[in-house]
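To keep things clear, I will list the structure first and then write my remarks on it.
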Amino acid sequence: MDGNRPQKEHTAGSQGFGQVELSELHKRYTAGERDFRQVDLFGQTLAWVDLSGADLSEANLSEANLCAAALKGTVLNGANLKRTLLRAANLSGTDLSETNLSGADLSRADLIDTNLRGANLSGANFSSANLKRVDLSEANLSGANLSGLDLRSANLSGANLIGANLDEVNLCGANLQRANLSGLDLNHHDLSGADLSGANLSETKLSKATLYGTNLNRTNLSEANLNEAKLAGATLRQSDLSEADLSKANLKWANLSQANAEATNLSEADLRKAMLDEANLKGAKVTNANFNKVDLAETVMPDTTLDNPSDRSC
Numbered sequence: 000m001d002g003n004r005p006q007k008e009h010t011a012g013s014q015g016f017g018q019v020e021l022s023e024l025h026k027r028y029t030a031g032e033r034d035f036r037q038v039d040l041f042g043q044t045l046a047w048v049d050l051s052g053a054d055l056s057e058a059n060l061s062e063a064n065l066c067a068a069a070l071k072g073t074v075l076n077g078a079n080l081k082r083t084l085l086r087a088a089n090l091s092g093t094d095l096s097e098t099n100l101s102g103a104d105l106s107r108a109d110l111i112d113t114n115l116r117g118a119n120l121s122g123a124n125f126s127s128a129n130l131k132r133v134d135l136s137e138a139n140l141s142g143a144n145l146s147g148l149d150l151r152s153a154n155l156s157g158a159n160l161i162g163a164n165l166d167e168v169n170l171c172g173a174n175l176q177r178a179n180l181s182g183l184d185l186n187h188h189d190l191s192g193a194d195l196s197g198a199n200l201s202e203t204k205l206s207k208a209t210l211y212g213t214n215l216n217r218t219n220l221s222e223a224n225l226n227e228a229k230l231a232g233a234t235l236r237q238s239d240l241s242e243a244d245l246s247k248a249n250l251k252w253a254n255l256s257q258a259n260a261e262a263t264n265l266s267e268a269d270l271r272k273a274m275l276d277e278a279n280l281k282g283a284k285v286t287n288a289n290f291n292k293v294d295l296a297e298t299v300m301p302d303t304t305l306d307n308p309s310d311r312s313c
């Protein structure tokens, strides 16, 4: 046993398990035993093993090889799966809440209906994994590889996605409330119908992104690049758009009530029929912006003249 590895105190429920050999574990599992709480399987080769339905909560599986393992319905909450190989493993319906999966390889894994709430997934590899109906709320996904995944309607509320690879990820309808996506490259991404209320998107790249009907209420979009973004029908109430680039953006029917758009670039933006009640556009660039049929009576406008002054009260 590695003397540098911290050992856990065993409870009565763990039946005194320390580090065990695979043969012993398999024997106990085959005999019908399912309680393996706090078991120590550090670095063990468990590829193709079937532990479906077992209780491995708070177990040490760090650096273990669980490639193609059958872990459906297994309880793993609080377990240590740091740098564990879980390629093509079946983890559907598994409880991985609060689990340490940092640096784990979950490529091609089946994670349907899996609970990853509050899990540490920093640097984890999810390439080609199935995350249908997965719960990633409050999870740490910083630096994780999520490229190409279908995360439609996924729960990512409160998740930390700083530095994550989201290339070609489908986030339509996803719950991203209070999520941290600051500085990410989401150019050309489709976030239609997603809930990003209260999220941090400061300095995020959203050029030519599709955000039709997206909820961006109270969202931090300061210094974000939304050049040519499609925001028709989006709600941006009380959002922070200060110093953001919304040039040539489509904001038709968008709700920008009480939004802070101070020093924002709205050049050539389409704001027809948008709501700007009590919005702050002080210092904003509005060259050739279209404010047709917008009520600007309660809007703080920049100290410049609109190209079409009559639009101010149309």
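In numbering that gives the first Met the number 0, the protein residues as written are 0 to 313.
Heads up, the beta-carbon is just placed ideally off N, CA and C, and yes, glycines get one too.
It should be emphasised that the depicted structure is a prediction, and the values quoted were computed from it without experimental measurement.
Check: Go to L100, then tell me how far its alpha helix (DSSP H) extends in each direction, as first and last residue.; Outcome: It is not in any alpha helix (DSSP H) - L100 carries neither H nor E in the DSSP assignment.
Check: By the DSSP assignment, the alpha helix (DSSP H) with Y28 in it spans what residues?; Outcome: 21-29
Check: Give the straight-line distance between the Cα atoms of N287 and G192, rounded to the nearest whole angstrom.; Outcome: 28 angstroms
Check: For G31, count neighbouring C-beta atoms within 10 Å of its own C-beta (all shown protein chains included) and say buried if the count is 16 or more, exposed if not.; Outcome: exposed
Check: Could you have a look at N291 and say whether DSSP puts it in helix, strand or coil?; Outcome: coil
Check: Roughly how many angstroms separate the alpha carbons of L233 and N79, rounded to a whole number?; Outcome: The residue you asked about is not Leu; residue 233 is Ala in the sequence shown. Taking the straight line from one Cα to the other gives about 41 angstroms.
Check: For M274, which residues does DSSP report across the bridge?; Outcome: N254
Check: Going by DSSP, what residues sit across from M114 in a beta bridge?; Outcome: The sequence given here places Asn at residue 114; Met does not occur at that position. DSSP lists D94, D134 as partners of N114.
Check: To which residues of the same chain is D184 closer than 6 angstroms at the C-beta, ignoring the five residues directly before and after it?; Outcome: K204
Check: Tell me which residues share the same chain as P301 and place their Cβ nearer than 8 angstroms to its Cβ, disregarding the 5 neighbours each side in the sequence.; Outcome: L280, K281, G282, A283, K284, V285
Check: Work out the CA separation of K292 and S86 for me, nearest whole Å.; Outcome: Residue 86 is actually Arg in this sequence, not Ser. So the alpha carbons of these two residues sit roughly 55 angstroms apart.
Check: Among L275, S201, A58, whose alpha-carbon lies nearest the alpha-carbon of D244?; Outcome: S201
Check: Going by beta carbon distance, what residues of the same chain come within less than 6 angstroms of D94, once the five residues before and after it are set aside?; Outcome: V74, N76, N114
Check: Per DSSP, what kind of secondary structure is L120 in: helix, strand or coil?; Outcome: coil
Check: Just to confirm before moving on: does the CB-CB distance between F41 and E62 stay below 8 angstroms?; Outcome: yes
Check: Whole angstroms is fine: what's the gap from S241's alpha carbon to L265's?; Outcome: 11 angstroms
Check: Assuming L105 and A68 form a contact by the criterion Cβ under 8 angstroms, report the distance between their Cβ atoms to the nearest whole angstrom.; Outcome: Between A68 and L105 the Cβ distance is about 12 angstroms, and since that is not below 8 angstroms, they are no contact.
Check: A231 and K207 look like a contact to me (Cβ under 8 angstroms); what is the Cβ gap, rounded to whole Å?; Outcome: Wrong, their Cβ atoms sit about 14 angstroms apart, outside the cutoff.
Check: Let me know if K229 comes out buried or exposed under the rule of 16 or more other beta-carbons within 10 Å of its beta-carbon.; Outcome: buried
Check: Alpha carbons only, please: which of G72, W47, G92 is nearest the one belonging to L84?; Outcome: W47
Check: Output yes or no for whether 8 angstroms exceeds the beta carbon distance between R116 and D134.; Outcome: yes
Check: State yes or no: is the C-beta of S152 within less than 8 angstroms of the C-beta of A173?; Outcome: yes
Check: Would you kindly check if the distance between the Cβ of S156 and the Cβ of S136 is under 8 angstroms?; Outcome: yes
Check: Can you check which of these residues, V168, K26, L180, L270, is closest to A158 by C-alpha distance?; Outcome: L180
Check: Whole angstroms is fine: what's the gap from I111's alpha carbon to L70's?; Outcome: 12 angstroms
Check: Identify the residues that DSSP records as bridge partners of T44: which are they?; Outcome: N64
Check: Can you check DSSP and say which residues form a bridge with D34?; Outcome: D54
Check: Could you have a look at N169 and say whether DSSP puts it in helix, strand or coil?; Outcome: strand
Check: Do the CB positions of Q176 and D189 come within less than 8 angstroms of each other?; Outcome: no
Check: Please report how far the alpha carbon of L210 lies from the alpha carbon of K272, in whole angstroms.; Outcome: 17 angstroms
Check: Between T213 and S141, what straight-line distance do the alpha-carbon atoms span, to the nearest angstrom?; Outcome: 23 angstroms
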